[in-house]
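The structure appears right after this line, and notes come after that.
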Amino acid sequence: MRIRTALASSAAVIALALAGAAHAQQPRSFEPDVRTHLGAGLHDAEQAAWNLELEHAIAPPPGFFDPDALFSPRRFMEETRAAEEADEDDEEAPAGPRFTPLALANTDLAFAGGRVFVGNYNGFNVYDANGEGEPELVLSVVCPGGQGDVSVHGDLLFMSVEQNRGRLDCGTSGAEGDVNEERFRGVRIFDISDFSAPRQIAAVQTCRGSHTHTLLPHPADPDILYIYNSGTSFVRESDELDICTDGQPDENPETALYSIDVIKVPLSAPEEAAIINRPRIFADRESGDIAGLWRGGRFGVATQRTAQTNHCHDITVYPELGIAAGACSGNGILLDISDPENPARISDMFDPDMAYWHSATFNNTGDVVVFTDEWGGGVAARCQADDPTSWGANLIAAIEDGELKGRSFFKLPTVQGATENCVAHNGSLIPVPGRDLMVQSWYQGGVTIMDFTDPDNAFEIAYFDRGPVDEDHLIVGGPWSTYWYNGRIYSSEITRGLDVLRLLPSEHLSPSEIAAAERVREDQVNPQTQTRIVWEDHPDVARAYLDQLARSEALDNGLAGQVRAQVDRWEQGRANTRTLSRLARQLADYAAEAEGRDASRLSELSDLLSRVR
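According to my numbering, the sequence shown holds residues 17 to 629 in order.
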């Protein structure tokens, strides 16, 4: 893959344009593979897997699937156009579809207490994954409004609602008219302490609804939780919510555009949750112009049509480091969140290959961020043979002295068909010590695992894919979100339900590396709230480092053999602490001479052995 690495900061964009910087599309360099020609089918599509195994495929529960709800963008546009033409000609409009686009689509995931929470445009479902077999459905809540992204904190569940059809009472009848006092667009809060009787206890209205949201615990007060809300839709009428006005800032300085919402939730009284700030995180630092970042459009003749930066799609926080990464339509940004009520932008970047900055994932050390580009909005076939390798891809950026620096692109390294919506989407880290691995959804491109330990040379190490939903027409489907949780990979399939996958050993991933990852247990995981992964002192972790050092030939075979022998003794309960301490010192000497990731692996292994008692 040919990678273009001259990625620009926002401040440099105008200067580069004036200088006439040419920016050519990157040609495709991927070849078709087994994933390219898989047979189609809603429930019986062909499958392909490499270094991953599908353990369970759980169909949507009643109320969350209807074949008439399958979304064809082309058919929807044709029906919309026919209705408009009939209206213009004063003719009776043809009967419209029973469902709005994506009305029953599965969306984002959250995890708590061994349960998997699956968001949906029509509400949410909860599965108990504590057992050895297939996760069991324990709760379904119908509450339409889209897109239904969920997160969990203790006994509270939070859900994003963006569409005009959302109602305060979770009703299914919609909310007609430009202004409707029953309409709800914002963040719902449910009390789920009793799974037999979940209750909506708060509904925080926002100007642009809630496309996604991010939970941020207060750094010192355990009773306070913040929500960073990202609204991407149109601004509602001020007659419906009086804090809301539309327009560009040169005409309306109070516009609801160019901001995010900060919602404060007192956990002892969550029903009092409310917006406390709408910070202007895109403002120009010198002029104060709130529209201070990318204005949208094309950077050059051969570049993407890029989005205007007037909102964030996703904000991922890393509370332990006091930073957040915002994927904000036309820019990627880095925020200081040490004062959670007043997030402040400390760096931003622009790249003309990024049509729409969609989501962000830090590596565990917090010095690399993977930004995704949702070129085509997630409903288009953007992994075809002629699509550029840097469009609709991951942009991998380093954080150097507080500044975002673009390093490379990674795109699904195969060719998909014209009936498969495909573009980079949501994923999370796999907790293998010593490496940066990310499992990720690509819609009908399937699930892939990317190794970005070297941010300049990311590569694929595993995948799982199905054929298209329909052979002849693009029906939107595929994995929406794919995340690691307590030893398994969970994937919300838009039309087909919930998939559970497991890692298989391969040349790219040893049994010890998998075992070390599977030992990491977390009670609660909200993917946009990243927490530092910590590995316990265990022989599997030591062997994982040894396998990596062997793979890179960074350790003398004789010393490696001695360490392995002593790790085996440790596992058998016969640890020789004196010998382990001596080996730890030798590894530390190697680390002092090594470079890059091998240096940190040697150092971590040395520290681990020195702690064995």
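Backbone N, C-alpha and C fix where the C-beta goes; we use that ideal spot for every residue, glycine too.
With a cut-off of 8 Å on Cβ pairs, the region 292-310 is not in contact with the region 401-416, counting fewer than three such pairs. Within the DSSP secondary-structure output, Y274 pairs in no beta bridge. Relative to G147, the option among S622, Q578, R512 and N502 whose CA is nearest is N502. The C-beta of S345 has 16 or more other C-beta atoms within 10 Å across all chains shown, which makes the residue buried. If you ignore the 5 residues before and after Y334, its C-beta comes within less than 6 Å of the C-beta of F378, G382 and Q546, all in its own chain and listed in chain order. Between V166 and N138, the CB-CB gap reaches or exceeds 8 Å. Contact between W458 and F366 does not hold, since the beta-carbon distance rounds to 24 Å and is not under 8 Å.
Within the same chain, Cβ atoms closer than 7 Å to the Cβ of R252 are found at R201, C223 and C260, the five residues on either side in sequence being excluded. In this structure, L257 lies away from Q216, with their beta-carbon atoms at least 8 Å apart.
A Cβ-Cβ distance of about 7 Å is found for the pair G348 and A376, placing them in contact under the 8 Å criterion. For the region 70-115, there is no continuous beta strand (DSSP E) assignment of 3+ residues that stays within its boundaries. Here E178 is buried, its C-beta having at least 16 other C-beta atoms within 10 Å.
CA-to-CA, the gap between G513 and I74 works out to about 6 Å. In this structure V278 is in contact with N293, their Cβ atoms being roughly 4 Å apart against a cut-off of 8 Å. A buried status is given to V492, since no fewer than 16 other beta-carbon atoms sit within 10 Å of its beta-carbon. For G313, the secondary structure class from DSSP, reduced to helix, strand or coil, is strand. With respect to the C-alpha of D237, the residue from L283, M175 and D515 having the closest C-alpha is L283. Scanning R204, T188, G182 and G187 for the CA closest to the CA of V195 turns up G182.
Beta-bridge annotation (DSSP): W500 is paired with I505. Note: L173 is bridge-paired with V168 and F206 in the DSSP secondary-structure output. DSSP places I530 in the uninterrupted alpha helix (DSSP H) bounded by P527 to E534. Taking a cut-off of 8 Å on C-beta distances, the region 120-134 does not touch the region 550-557, as fewer than three cross pairs fall below it.
When the alpha-carbon of A85 is set against those of A61, F115, D105 and T325, the nearest one is in F115. Here the alpha carbon of R629 sits roughly 23 Å from the alpha carbon of D563. The C-alpha of G247 is placed about 24 Å away from the C-alpha of F80. Measuring C-alpha to C-alpha distances from S528 to each of K421, G55, G450 and T405 identifies G450 as the nearest. Per DSSP, the continuous beta strand (DSSP E) segment holding A341 begins and ends at I339 to C344. Under the 8 Å Cβ criterion, the region 357-364 counts as touching the region 418-432, having at least three qualifying pairs. Ranking H524, Q540, L519 and N542 by CA distance to the CA of A533 puts L519 first. Residue T230 holds the alpha-carbon nearest to the alpha-carbon of I331 among E476, T230, S568 and E71. Per DSSP, the unbroken beta strand (DSSP E) holding G422 starts and ends at E419 to F426. The closest CA to that of L172, considering only A607, A285, H329 and D605, is found on A285.
T96 counts as exposed, since fewer than 16 other C-beta atoms from the protein chains shown sit within 10 angstroms of its C-beta. With respect to W496, H441 sits close: the two C-beta atoms are nearer than 8 Å.
Your pair G112 and A128 does not check out as a contact, with CB atoms roughly 39 Å apart and the cut at 8 Å. Rounded to whole angstroms, the separation of the alpha carbons of E101 and M370 is 35 Å.
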